[in-house]
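Trainee: Structure in structure tokens, see below.
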Amino acid sequence: MSDHASTSPVSTVVSAAGASGGGAVIRRGATIAVVAQPDHPLVSATARGLSDDPMTEIRAVVDRGGDIPAFAIARVLDEGVQLFVRGGAAVAVGGLTLRHDGSNPFVSQMVRVPDNGRIAVRLDDAGPPLAWTDLGEGVVLGGGAEMVLAGAQAGLAGGTDSTAPMPAPRPAEVANAAAAVAPAPPGSDEPKAPAKVISFETDAATPAAAPAAAGASAPVADTHDAAGESDAVQVRGLRCQRGHLVHPSARLCPLCGDNMQNNSVIVNADGSIGVLGPRPPLGVLILPDGRSFQLNRTTVIGRQPDLDDAVRNGQADALLFDEPTVSRAHARVVLDDWNVSLVDLGSANGTAVAASGNAPTRLAANQPVALQGGTYIYFGSIQIVFQPTSAAPTP
Amino acid sequence: MTYLADYELLEWLGPGNHGDWWLARPPERLGHGDERVAVKALWRDASELDFERMARELRLLSMVQSPHLVHLIEAGESDGRLFYVRTHHPDGSLDRDDLATDRQRAALVGAARGAQALHDAGIAHRDIKPENVLLTATGAVLSELGLAQLVDPGMTTGIGPVGAIEYVAPEVALGERGSASSDIWALGVTLHRVLCGVSIYGPHPPENVLEGFRRVTGGQWELSSDLALADRELVASCLNQNPAERLPSASAFADRLEGVTS
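If you're matching them up, the sequences are chains A and B in order. With our numbering applied, the first sequence closes on residue 402, and no number is skipped along the way. With our numbering applied, the second sequence closes on residue 267, and no number is skipped along the way.
Here you go:
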């Protein structure tokens with residue numbers, strides 16, 4: 008649990024910006040941070056020194072419940088500067104700014120060490136800097152701070168006035184960007200012909216191209232509906248007024264809101280309830296970037312899920328996360344009748360589940376657990392959410 | 006100077022979905038003279054997104070002829086880095102708050118006409134939002150054609166929102182593929198965003214994906230009180246939870262908006 012992974016020495020923290028923003032400014036080694044709520048556990052966690060897996064640590068701290076304050080954290084490592092931002096705060100690295108777009112609890116990004124060596128964190132409602140103080144180590148009340156890395160002293164000489172580059176409040180051009188730090192340009196110093204290139208301009212000029220476009224729906228069309236309803240799993244349920252197949256004990260149709268208590272219940276001769284029909288998607292997994300993965304059948308989650316036999320035989324869907332912390336076949340979401348459960352497949356880093364706001368619980372390998380609506384699922388550095396649509400109602 | 010292939014990169018224009026946009030000076034072989042172009046360098050490398058597939062799909066998209074769709078110039082690969090090139094639009098996108106209302110409306114009419122051209126060819130855009138509506142002198146063109154489906158192949162069944170959940174139709178959040186109807190939802194949300202400056206989910210949009218999911222699928226949107234009656238009716242007609250009951254076409258959206266303008 009140390010935070011001196013970097014060999015890039017910090018020459019000084021120029022400012023603890025004793026500003027009107029009522030937050031806490033923290034410096035620990037090569038990390039500076041500002042947190043809008045001075046008594047939040049994130050302040051002490053940062054002051055103690057973040058672990059080698061700060062993403063998980065910050066997530067664990069903010070998941071502990073309560074309102075999450077705005078924060079901005081910058082941590083200098085050998086390979087670059089690691090940034091974390093949430094809410095009304097910003098980090099500026101070499102004059103570029105990272106902000107949070109609100110789609111996740113916070114954003115994180117690794118950027119290269121800036122040429123001018125300047126890294127600043129700031130709360131949006133912080134006033135102008137009142138004093139420039141070398142913070143040293145520790146925690147003070149304030150709205151922002153700037154760190155200047157060794158080797159960038161030339162840029163600093165005569166630059167310690169209060170107009171030094173704190174991140175500007177809400178620059179219009181980045182306000183909606185998830186990650187608005189300019190990247191290192193791709194490519195090289197020399198022009199070279201592209202290895203492969205295809206021009207669209209000559210094609211577009213060909214009149215014959217227009218009818219061909221009508222066929223363009225094929226390559227972009229849904230490749231999954233083709234599997235279709237014919238081989239869909241059959242389940243027994245009740246039909247709502249609009250014909251949706253619904254779990255026998257659901258009160259409302261989850262798709263159209265029809266009140267099922269107004270509909271007649273079909274009891275079959277053998278005592279079973281309802282009619283057989285193709286199973287609707289039971290729910291979705293909401294991915295870290297906000298996309299939804301529809302659960303139509305059992306799904307293998309992993310770094311190389313298509314190595315799993317069931318996926319290879321076409322009996323299961325695959326959800327791929329190309330992350331080193333995720334095992335090749337990490338976990339399986341099992342759809343059985345109307346029920347959805349989760350199994351860890353003996354993954355290296357484990358799988359955990361948590362109801363919203365609760366502490367996560369690790370799963371024992373190969374022991375299925377039923378998934379409740381709104382459950383957060385953690386594997387490696389990934390966090391997703393299960394949201395049922397037509398699954399069995401949970402008590 | 007930095008080059009991507011034989012394009013001289015002049016200035017970072019900003020991030021887009023799946024890659025960064027750069028202002029670039031095109032190589033002489035294109036015969037564009039000194040005219041600037043915009044180059045998108047994709048974050049994924051060629052091993053994960055095969056060049057031929059990208060080129061094939063972008064070519065199909067480039068064949069849809071419309072003055073309201075962005076002009077694609079070429080796609081290429083250099084040192085394992087995929088990129089594609091389009092006309093540069095110096096006025097930027099609809100994602101700015103200093104535009105006169107007439108210009109915002111004209112831009113959205115253009116975007117809707119561009120969407121209709123795609124729909125006529127059987128293609129859904131799936132990522133209509135202010136950033137992807139590029140301003141021209143008289144209106145706008147729709148940009149980022151087909152990138153949503155191009156960069157995310159069939160691994161995920163429900164290709165839902167690529168970026169902000171604000172523009173996502175409820176059925177897409179539930180895992181359905183984007184469609185012409187979900188594009189019409191996004192046109193309505195875009196109109197609301199540019200005219201009022203706020204999301205249909207209010208000044209405090211959802212802070213995490215679960216809350217966002219619930220608000221999108223639960224239809225928990227609310228139109229801003231700043232929206233005049235005709236605009237209000239138009240936006241509302243795009244926001245039906247049932248795709249079949251939304252405004253029937255993007256061109257109907259454009260027609261209604263032009264009616265409002267005059």
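Note that beta-carbon positions come from the ideal geometry of N, C-alpha and C, so glycine has one too. No experiment lies behind these values; they were computed from the predicted model shown.
With a threshold of 7 Å on Cβ separation, who are the neighbours of A/Arg304 within its own chain once the five nearest residues in sequence on each side are excluded?
Mentor: Val240, Ala323, Asp324 and Leu342
Trainee: 9 Å is my cut-off, CB to CB: does A/Gly381 come that close to chain B?
Mentor: yes
Trainee: Buried or exposed for A/Pro121, please, with buried defined as at least 16 other CB atoms from any protein chain shown within 10 angstroms of its CB.
Mentor: buried
Trainee: Kindly indicate if chain A contains any beta-carbon less than 9 Å away from that of B/Phe88.
Mentor: yes
Trainee: Please check the pair A/Ser354 and A/Ala338, which I expect to be a contact at CB under 8 Å, by giving their CB distance rounded to whole angstroms.
Mentor: 7 Å
Trainee: Taking DSSP's pairing of strands, which residues face A/Arg369 in a bridge?
Mentor: A/Ala359
Trainee: So for B/Asp109, helix, strand or coil by DSSP?
Mentor: In the sequence as displayed, the identity of residue 109 of chain B is Gln instead of Asp. In the structure shown, B/Gln109 sits in a helix (DSSP, three-state: H, G or I).
Trainee: Helix, strand or coil for B/Ala43? Go by DSSP, reduced to three states.
Mentor: strand
Trainee: Judging by CA-CA distance, which residue of B/Ile128, B/Gly144 and B/Tyr89 is the nearest neighbour of B/Asp96?
Mentor: Nearest option by C-alpha distance: B/Gly144.
Trainee: Take A/Pro48 and list the residues in its own chain whose beta-carbon comes closer than 8 Å to its own, dropping the five residues that flank it on each side.
Mentor: Val68 and Arg71
Trainee: Counting beta carbon pairs with one atom in the region 129 to 145 of chain B and one in the region 188 to 205 of chain B, are three or more of them shorter than 8 Å?
Mentor: The region 188 to 205 of chain B is in contact with the region 129 to 145 of chain B.
Trainee: Mind checking which residues open and close the beta strand (DSSP E) that includes A/Asp351?
Mentor: Asn346 to Asp351
Trainee: Take the Cβ of A/Ala362 as the centre, count every other Cβ of all protein chains shown within 10 Å, and call the residue buried at 16 or more, exposed below.
Mentor: exposed
Trainee: Check whether the Cβ of A/Arg286 lies closer than 8 Å to any heavy atom of the ligand ZN, and answer yes or no.
Mentor: Looking at this structure, you won't find the ligand ZN or any other ligand, since it has none at all.
Trainee: Taking A/Ser299 as part of the beta strand (DSSP E), name the residues at either end of that continuous run.
Mentor: Residues Ser299 to Leu302.
Trainee: Would you check if the distance between the CB atom of B/Val5 and the CB atom of B/Leu28 is smaller than 9 Å?
Mentor: Limits of chain B in this structure are 6 at one end and 267 at the other, which puts residue 5 of chain B out of reach.
Trainee: For the region 358 to 375 of chain A, which residues have a CB atom closer than 8 Å to at least one CB atom of chain B, in sequence order?
Mentor: Ser363
Trainee: Would you list the one or two residues that DSSP bridges to A/Val253?
Mentor: The partner list for A/Val253 (beta bridge, DSSP) reads A/Leu245.
Trainee: Could you check the C-alpha separation between B/Met160 and A/Ser51 for me, to the nearest Å?
Mentor: Bear in mind that a pLDDT of 33 at B/Met160, under 50, signals an unreliable position, so the model cannot answer this.
Trainee: Assuming A/Gln390 and A/Tyr383 are in contact, meaning their beta carbons sit under 8 Å apart, how far apart are those beta carbons, in whole angstroms?
Mentor: 6 Å
Trainee: Quick check: what's the CA-CA separation for A/Phe393 versus B/Arg110?
Mentor: 39 Å
Trainee: Out of A/Pro112, A/Phe300, A/Gly290 and A/Leu57, point me to the one whose CA is closest to A/Ser397's CA.
Mentor: A/Gly290
Trainee: Return helix, strand or coil for B/Val173, following the three-state DSSP convention.
Mentor: coil
Trainee: To the nearest angstrom, report how far apart A/Ser334 and A/Phe300 are at their CA atoms.
Mentor: 19 Å
Trainee: Could you give the residue range of the beta strand (DSSP E) that holds A/Thr38?
Mentor: Thr38 to Val42
Trainee: Given this structure, state the Cα-to-Cα distance separating B/Thr92 from B/Leu192, to the nearest angstrom.
Mentor: 23 Å
Trainee: For the region 35 to 65 of chain A, enumerate the residues whose C-beta is nearer than 8 Å to any C-beta of chain B, in chain order.
Mentor: none
Trainee: Along the region 30 to 43 of chain B, where does the CB come closer than 9 Å to a CB of chain A? Name the residues.
Mentor: Against chain A - using a Cβ distance shorter than 9 Å - the residues of the region 30 to 43 of chain B are Pro32, Arg34 and Leu35.
Trainee: Is it a yes or a no for the region 232 to 251 of chain B touching the region 194 to 208 of chain B, going by three-plus beta-carbon pairs under 8 Å?
Mentor: Between the region 232 to 251 of chain B and the region 194 to 208 of chain B there are three or more inter-stretch CB-CB distances shorter than 8 Å, so the stretches are counted as touching.
Trainee: Hey, out of A/Tyr385, A/Gly381, A/Gly380 and A/Leu352, whose CA is closest to A/Thr368's CA?
Mentor: A/Tyr385
Trainee: Against chain A, does B/Glu189 count as a neighbour if the rule is that its beta carbon must be under 9 Å from one of theirs?
Mentor: The question names Glu, but residue 189 of chain B in the sequence shown is Ile. So no, B/Ile189 is outside the interface.
Trainee: Looking at chain B, is there any beta carbon in it that lies within less than 9 Å of the beta carbon of A/Ile293?
Mentor: Yes, A/Ile293 lies at the interface with chain B (some Cβ there is under 9 Å from its Cβ).
Trainee: Return the CA-CA distance between B/Val221 and B/Asn245, expressed in angstroms with no decimal places.
Mentor: 12 Å
Trainee: Name the two residues that bound the continuous beta strand (DSSP E) containing B/Gly83.
Mentor: According to the sequence as given, residue 83 of chain B is Ser; it is not Gly. Residues Leu77 to Ser83.
Trainee: Output yes or no for whether 9 Å exceeds the beta carbon distance between B/Ala10 and A/Pro201.
Mentor: yes
Trainee: Pull up the distance between the alpha-carbon of B/Val173 and that of A/Pro255, whole angstroms please.
Mentor: Going by the C-alpha atoms only, they are around 30 Å apart.
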